[in-house]
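S.K.: Once you've had a glance at the structure underneath, I'll fire off some questions.
Residue numbers (my numbering): 4 to 302.
As C-alpha coordinates, then:
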(Lines of atoms letter the chains of each structure in order from A and count residues from 1; the text may use other names and numbers.)
(Lines give C-alpha, C1' and ligand atoms only; values in the text may rest on other atoms or scores of the structure.)
Protein backbone atom coordinates (compact mmCIF):
# COMPACT_ATOMS: atom_id res chain seq x y z
CA UNK A 1 0.00 0.00 0.00
CA UNK A 2 1.06 3.61 -0.44
CA UNK A 3 0.61 6.66 1.75
CA UNK A 4 -1.13 9.82 0.61
CA UNK A 5 -2.53 12.99 2.14
CA UNK A 6 -5.83 11.21 2.64
CA UNK A 7 -4.39 8.04 4.17
CA UNK A 8 -3.11 4.72 2.86
CA UNK A 9 -4.21 3.45 -0.56
CA UNK A 10 -3.61 0.40 -2.74
CA UNK A 11 -0.77 0.78 -5.23
CA UNK A 12 -1.11 -0.16 -8.91
CA UNK A 13 0.77 -3.45 -8.49
CA UNK A 14 -1.75 -4.68 -5.94
CA UNK A 15 -4.71 -3.43 -7.99
CA UNK A 16 -3.40 -5.18 -11.11
CA UNK A 17 -2.77 -8.46 -9.28
CA UNK A 18 -6.22 -8.28 -7.67
CA UNK A 19 -7.88 -7.63 -11.05
CA UNK A 20 -6.00 -10.54 -12.67
CA UNK A 21 -6.77 -12.88 -9.77
CA UNK A 22 -3.11 -13.64 -9.03
CA UNK A 23 -2.82 -11.96 -5.64
CA UNK A 24 -2.34 -14.28 -2.67
CA UNK A 25 -5.36 -14.99 -0.43
CA UNK A 26 -4.20 -12.72 2.39
CA UNK A 27 -3.31 -9.85 0.06
CA UNK A 28 -6.53 -10.30 -1.93
CA UNK A 29 -8.74 -10.31 1.17
CA UNK A 30 -7.06 -7.24 2.66
CA UNK A 31 -7.08 -5.38 -0.66
CA UNK A 32 -10.75 -6.16 -1.34
CA UNK A 33 -11.72 -5.03 2.16
CA UNK A 34 -9.92 -1.74 1.57
CA UNK A 35 -11.37 -1.37 -1.93
CA UNK A 36 -14.94 -1.77 -0.68
CA UNK A 37 -14.61 1.36 1.43
CA UNK A 38 -12.22 3.54 -0.59
CA UNK A 39 -13.63 5.67 -3.41
CA UNK A 40 -10.20 6.78 -4.63
CA UNK A 41 -8.97 3.20 -5.03
CA UNK A 42 -12.23 2.22 -6.75
CA UNK A 43 -11.67 5.00 -9.27
CA UNK A 44 -8.09 3.84 -9.88
CA UNK A 45 -9.28 0.26 -10.38
CA UNK A 46 -11.96 1.45 -12.83
CA UNK A 47 -9.31 3.40 -14.79
CA UNK A 48 -7.05 0.34 -14.82
CA UNK A 49 -9.80 -1.94 -16.15
CA UNK A 50 -10.97 0.58 -18.75
CA UNK A 51 -7.42 1.11 -20.03
CA UNK A 52 -6.84 -2.65 -20.20
CA UNK A 53 -10.14 -3.21 -22.07
CA UNK A 54 -9.32 -0.50 -24.60
CA UNK A 55 -5.80 -1.82 -25.11
CA UNK A 56 -7.08 -5.34 -25.67
CA UNK A 57 -9.45 -4.04 -28.35
CA UNK A 58 -6.75 -2.28 -30.38
CA UNK A 59 -6.33 -3.81 -33.86
CA UNK A 60 -3.02 -5.46 -34.72
CA UNK A 61 -0.90 -2.96 -36.63
CA UNK A 62 2.35 -3.69 -38.42
CA UNK A 63 5.38 -1.77 -37.16
CA UNK A 64 6.36 0.99 -39.63
CA UNK A 65 9.46 0.17 -41.68
CA UNK A 66 11.24 3.31 -40.46
CA UNK A 67 10.77 2.27 -36.83
CA UNK A 68 11.98 -1.25 -37.58
CA UNK A 69 15.11 0.18 -39.21
CA UNK A 70 15.85 2.44 -36.24
CA UNK A 71 15.43 -0.42 -33.78
CA UNK A 72 17.70 -2.69 -35.83
CA UNK A 73 20.36 0.04 -36.04
CA UNK A 74 20.15 0.64 -32.31
CA UNK A 75 20.52 -3.07 -31.52
CA UNK A 76 23.50 -3.41 -33.87
CA UNK A 77 25.12 -0.35 -32.32
CA UNK A 78 24.52 -1.66 -28.79
CA UNK A 79 26.10 -5.01 -29.65
CA UNK A 80 29.37 -3.29 -30.57
CA UNK A 81 29.60 -1.35 -27.32
CA UNK A 82 31.52 -2.52 -24.27
CA UNK A 83 29.39 -3.97 -21.47
CA UNK A 84 27.96 -1.27 -19.24
CA UNK A 85 27.99 -1.24 -15.48
CA UNK A 86 24.83 -2.70 -13.99
CA UNK A 87 23.44 -0.58 -11.17
CA UNK A 88 21.57 -2.59 -8.54
CA UNK A 89 18.00 -1.48 -8.00
CA UNK A 90 17.91 -2.48 -4.35
CA UNK A 91 16.91 0.41 -2.17
CA UNK A 92 15.47 2.49 -4.98
CA UNK A 93 12.10 4.05 -4.30
CA UNK A 94 9.25 2.53 -6.28
CA UNK A 95 8.02 5.78 -7.81
CA UNK A 96 5.45 3.89 -9.87
CA UNK A 97 3.53 3.10 -6.72
CA UNK A 98 3.30 6.75 -5.68
CA UNK A 99 -0.33 7.88 -6.09
CA UNK A 100 0.78 11.06 -7.86
CA UNK A 101 3.10 9.24 -10.31
CA UNK A 102 0.62 6.40 -10.79
CA UNK A 103 -2.20 8.82 -11.54
CA UNK A 104 -0.08 10.72 -14.04
CA UNK A 105 1.02 7.46 -15.66
CA UNK A 106 -2.58 6.30 -16.00
CA UNK A 107 -3.60 9.59 -17.62
CA UNK A 108 -0.59 9.43 -19.95
CA UNK A 109 -1.46 5.86 -20.95
CA UNK A 110 -5.04 6.83 -21.80
CA UNK A 111 -3.84 9.86 -23.82
CA UNK A 112 -1.37 7.70 -25.78
CA UNK A 113 -4.08 5.07 -26.36
CA UNK A 114 -6.58 7.62 -27.66
CA UNK A 115 -3.87 9.14 -29.86
CA UNK A 116 -3.07 5.72 -31.32
CA UNK A 117 -6.74 5.05 -32.05
CA UNK A 118 -7.24 8.44 -33.71
CA UNK A 119 -3.97 8.26 -35.67
CA UNK A 120 -4.71 4.74 -36.91
CA UNK A 121 -8.18 5.75 -37.99
CA UNK A 122 -6.90 8.84 -39.82
CA UNK A 123 -4.18 6.83 -41.58
CA UNK A 124 -6.62 4.15 -42.69
CA UNK A 125 -9.07 6.78 -43.95
CA UNK A 126 -6.26 8.56 -45.81
CA UNK A 127 -5.19 5.35 -47.53
CA UNK A 128 -8.71 4.66 -48.73
CA UNK A 129 -9.73 8.20 -49.72
CA UNK A 130 -8.25 8.30 -53.22
CA UNK A 131 -9.65 4.96 -54.38
CA UNK A 132 -13.05 5.66 -52.83
CA UNK A 133 -13.29 9.05 -54.54
CA UNK A 134 -12.38 7.59 -57.91
CA UNK A 135 -14.93 4.77 -57.78
CA UNK A 136 -17.88 6.67 -56.29
CA UNK A 137 -20.48 8.26 -58.58
CA UNK A 138 -20.80 12.05 -58.63
CA UNK A 139 -22.60 13.38 -55.57
CA UNK A 140 -22.16 10.13 -53.61
CA UNK A 141 -20.46 10.04 -50.22
CA UNK A 142 -18.43 7.23 -48.75
CA UNK A 143 -18.57 8.32 -45.11
CA UNK A 144 -20.05 5.93 -42.54
CA UNK A 145 -23.50 6.61 -41.25
CA UNK A 146 -23.53 9.11 -38.41
CA UNK A 147 -24.82 8.23 -34.99
CA UNK A 148 -26.85 11.45 -35.00
CA UNK A 149 -30.52 10.58 -34.95
CA UNK A 150 -29.80 6.86 -34.82
CA UNK A 151 -32.29 4.65 -33.00
CA UNK A 152 -31.52 2.28 -30.17
CA UNK A 153 -33.20 -1.11 -30.31
CA UNK A 154 -34.46 -1.59 -26.78
CA UNK A 155 -35.33 -5.06 -25.51
CA UNK A 156 -36.35 -6.75 -22.27
CA UNK A 157 -35.76 -10.36 -23.21
CA UNK A 158 -34.90 -11.75 -19.78
CA UNK A 159 -32.44 -14.05 -21.58
CA UNK A 160 -29.54 -15.33 -19.49
CA UNK A 161 -26.27 -14.25 -21.12
CA UNK A 162 -22.84 -15.70 -20.41
CA UNK A 163 -19.37 -14.86 -21.70
CA UNK A 164 -19.67 -17.80 -24.11
CA UNK A 165 -23.11 -16.86 -25.51
CA UNK A 166 -22.66 -13.09 -25.94
CA UNK A 167 -21.10 -13.40 -29.45
CA UNK A 168 -24.15 -15.35 -30.68
CA UNK A 169 -26.97 -13.60 -28.77
CA UNK A 170 -26.05 -9.91 -29.07
CA UNK A 171 -26.11 -9.88 -32.92
CA UNK A 172 -29.76 -10.99 -32.75
CA UNK A 173 -30.54 -7.81 -30.81
CA UNK A 174 -29.00 -5.81 -33.65
CA UNK A 175 -30.66 -7.58 -36.58
CA UNK A 176 -34.02 -8.27 -34.90
CA UNK A 177 -36.97 -5.91 -34.50
CA UNK A 178 -38.37 -5.23 -31.00
CA UNK A 179 -42.16 -5.29 -30.51
CA UNK A 180 -44.34 -2.21 -30.78
CA UNK A 181 -44.87 -1.53 -27.05
CA UNK A 182 -42.11 0.53 -25.43
CA UNK A 183 -40.74 -1.06 -22.27
CA UNK A 184 -38.84 2.09 -21.32
CA UNK A 185 -42.07 4.03 -21.05
CA UNK A 186 -44.30 1.21 -19.84
CA UNK A 187 -41.99 -0.27 -17.25
CA UNK A 188 -42.30 -4.02 -16.93
CA UNK A 189 -45.65 -4.06 -18.72
CA UNK A 190 -46.44 -3.92 -22.42
CA UNK A 191 -46.98 -6.51 -25.07
CA UNK A 192 -44.74 -9.53 -25.40
CA UNK A 193 -43.07 -11.15 -28.37
CA UNK A 194 -40.48 -13.77 -29.20
CA UNK A 195 -37.02 -12.76 -27.98
CA UNK A 196 -33.66 -13.41 -29.64
CA UNK A 197 -32.36 -16.69 -28.28
CA UNK A 198 -35.66 -17.51 -26.55
CA UNK A 199 -37.60 -15.73 -23.80
CA UNK A 200 -39.98 -12.77 -23.89
CA UNK A 201 -39.54 -9.15 -24.97
CA UNK A 202 -41.48 -6.07 -23.92
CA UNK A 203 -39.41 -3.17 -25.30
CA UNK A 204 -39.42 -1.42 -28.66
CA UNK A 205 -37.19 0.39 -31.07
CA UNK A 206 -36.98 3.97 -29.90
CA UNK A 207 -34.64 6.89 -30.64
CA UNK A 208 -32.76 8.27 -27.66
CA UNK A 209 -33.28 11.98 -26.99
CA UNK A 210 -31.04 14.39 -28.90
CA UNK A 211 -30.58 16.56 -25.82
CA UNK A 212 -27.30 16.23 -23.88
CA UNK A 213 -27.18 13.40 -21.37
CA UNK A 214 -27.46 14.27 -17.68
CA UNK A 215 -24.30 14.72 -15.66
CA UNK A 216 -23.04 11.16 -15.03
CA UNK A 217 -24.10 9.87 -11.63
CA UNK A 218 -25.37 6.54 -10.41
CA UNK A 219 -28.11 4.92 -12.51
CA UNK A 220 -29.91 1.83 -11.26
CA UNK A 221 -31.34 -0.83 -13.54
CA UNK A 222 -34.84 0.28 -12.57
CA UNK A 223 -34.07 3.89 -13.58
CA UNK A 224 -32.64 2.79 -16.90
CA UNK A 225 -35.70 0.64 -17.56
CA UNK A 226 -38.05 3.60 -17.10
CA UNK A 227 -35.95 6.57 -18.23
CA UNK A 228 -34.29 6.85 -21.69
CA UNK A 229 -32.07 9.65 -20.37
CA UNK A 230 -30.58 7.24 -17.83
CA UNK A 231 -29.83 4.76 -20.64
CA UNK A 232 -28.11 7.50 -22.63
CA UNK A 233 -26.12 8.64 -19.57
CA UNK A 234 -24.98 5.10 -18.81
CA UNK A 235 -23.92 4.61 -22.45
CA UNK A 236 -21.84 7.77 -22.20
CA UNK A 237 -20.16 6.51 -19.02
CA UNK A 238 -19.34 3.15 -20.65
CA UNK A 239 -17.86 4.97 -23.67
CA UNK A 240 -15.47 6.86 -21.40
CA UNK A 241 -17.42 10.11 -21.47
CA UNK A 242 -17.90 10.18 -25.26
CA UNK A 243 -21.53 10.90 -26.28
CA UNK A 244 -22.71 7.78 -28.08
CA UNK A 245 -26.04 6.26 -29.06
CA UNK A 246 -26.21 2.56 -28.13
CA UNK A 247 -27.04 0.27 -31.04
CA UNK A 248 -29.07 -2.01 -28.76
CA UNK A 249 -29.90 -2.35 -25.07
CA UNK A 250 -31.37 -5.45 -23.45
CA UNK A 251 -32.73 -5.86 -19.95
CA UNK A 252 -31.90 -9.48 -19.31
CA UNK A 253 -29.66 -11.55 -17.06
CA UNK A 254 -25.97 -12.37 -16.89
CA UNK A 255 -24.91 -15.63 -15.29
CA UNK A 256 -28.33 -15.86 -13.64
CA UNK A 257 -28.49 -12.32 -12.20
CA UNK A 258 -30.36 -9.24 -13.53
CA UNK A 259 -28.21 -7.18 -15.87
CA UNK A 260 -28.41 -4.58 -18.64
CA UNK A 261 -26.56 -5.45 -21.85
CA UNK A 262 -25.30 -2.50 -23.91
CA UNK A 263 -24.09 -2.83 -27.52
CA UNK A 264 -22.14 0.33 -28.36
CA UNK A 265 -20.46 1.26 -31.65
CA UNK A 266 -16.70 0.82 -31.27
CA UNK A 267 -14.87 4.15 -31.40
CA UNK A 268 -13.01 4.47 -34.69
CA UNK A 269 -14.12 1.04 -35.95
CA UNK A 270 -17.59 0.81 -37.47
CA UNK A 271 -17.17 -2.93 -38.11
CA UNK A 272 -17.02 -3.73 -34.38
CA UNK A 273 -19.32 -3.47 -31.38
CA UNK A 274 -18.34 -2.95 -27.75
CA UNK A 275 -20.58 -5.07 -25.53
CA UNK A 276 -20.82 -3.97 -21.90
CA UNK A 277 -22.74 -5.91 -19.26
CA UNK A 278 -23.88 -3.73 -16.35
CA UNK A 279 -24.43 -6.19 -13.53
CA UNK A 280 -25.46 -3.67 -10.86
CA UNK A 281 -25.81 0.12 -10.96
CA UNK A 282 -24.12 2.13 -13.70
CA UNK A 283 -21.62 4.76 -12.56
CA UNK A 284 -18.15 6.05 -13.40
CA UNK A 285 -16.66 4.14 -10.46
CA UNK A 286 -18.56 0.87 -10.89
CA UNK A 287 -16.38 -2.23 -11.14
CA UNK A 288 -19.23 -4.68 -11.65
CA UNK A 289 -18.92 -4.75 -15.45
CA UNK A 290 -18.10 -7.23 -18.21
CA UNK A 291 -16.58 -6.09 -21.53
CA UNK A 292 -16.39 -7.87 -24.87
CA UNK A 293 -15.68 -6.63 -28.42
CA UNK A 294 -17.46 -8.52 -31.20
CA UNK A 295 -17.91 -8.07 -34.96
CA UNK A 296 -20.88 -5.91 -35.88
CA UNK A 297 -23.53 -7.96 -37.72
CA UNK A 298 -24.70 -6.86 -41.14
CA UNK A 299 -28.20 -6.87 -42.45
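Beta carbons: idealized from backbone N, C-alpha and C, even for Gly.
Between the C-alpha atoms of residue 252 and residue 165, what's the straight-line distance to the nearest angstrom?
M.R.: Residue 252 and residue 165: Cα-Cα distance of roughly 16 Å.
S.K.: Taking DSSP's pairing of strands, which residues face residue 256 in a bridge?
M.R.: In DSSP, residue 256 forms a bridge with 163 and 261.
S.K.: Give me the Cα-Cα distance between residue 284 and residue 222, rounded to the nearest whole angstrom.
M.R.: Using only the alpha carbons, I get a separation of about 6 Å.
S.K.: Name the residue from 297, 81, 230 and 281 whose alpha carbon lies nearest to the alpha carbon of residue 260.
M.R.: Out of 297, 81, 230 and 281, 281 has the C-alpha closest to the C-alpha of residue 260.
S.K.: Of all the options 272, 287, 264 and 32, which has the alpha carbon lying nearest to the alpha carbon of residue 279?
M.R.: The option with the nearest alpha carbon to residue 279 is 264.
S.K.: Looking only at its chain, what residues have a beta carbon closer than 6 Å to the beta carbon of residue 247, apart from the 5 residues adjacent to it on each side?
M.R.: Cβ neighbours of residue 247 beyond the five flanking positions: 238 and 267.
S.K.: Whose CA, out of 225, 287, 288 and 300, lies closest to the CA of residue 269?
M.R.: It is 300 whose Cα lies nearest to the Cα of residue 269.
S.K.: Rounded to the nearest angstrom, what separates residue 146 and residue 293 at their Cα positions?
M.R.: Low confidence applies to residue 146: its pLDDT is 32, below 50, so where it sits in the model is not reliable, and the reading given next is rough at best. Going from the Cα of residue 146 to the Cα of residue 293 covers about 31 Å.
S.K.: Indicate the three-state DSSP secondary structure (helix, strand or coil) for residue 11 in the structure shown.
M.R.: Three-state result, residue 11: strand.
S.K.: Going by CA-CA distance only, name the one from 233, 36 and 257 that's closest to residue 172.
M.R.: Cα-wise, what sits closest to residue 172 is 257.
S.K.: Let me know if residue 73 comes out buried or exposed under the rule of 16 or more other beta-carbons within 10 Å of its beta-carbon.
M.R.: Exposed: under 16 other Cβ atoms inside 10 Å.
S.K.: To the nearest angstrom, how far is the alpha carbon of residue 78 from that of residue 71?
M.R.: Distance between the alpha carbons of residue 78 and residue 71: 11 Å.
S.K.: At what residues does the beta strand (DSSP E) containing residue 297 begin and finish?
M.R.: Unbroken beta strand (DSSP E) run through residue 297: 292-298.
S.K.: If you reduce the DSSP assignment to three classes, tell me which class residue 250 lands in.
M.R.: In the structure shown, residue 250 sits in coil (DSSP, three-state: anything other than H, G, I, E or B).
S.K.: Does the Cβ of residue 227 have 16 or more other Cβ atoms within 10 Å, making it buried, or fewer, making it exposed?
M.R.: With 16 or more other Cβ atoms within 10 Å, it is buried.
S.K.: DSSP three-state call for residue 2: helix, strand or coil?
M.R.: In this structure the chain extends from 4 to 302, so residue 2 is not present and cannot be described.
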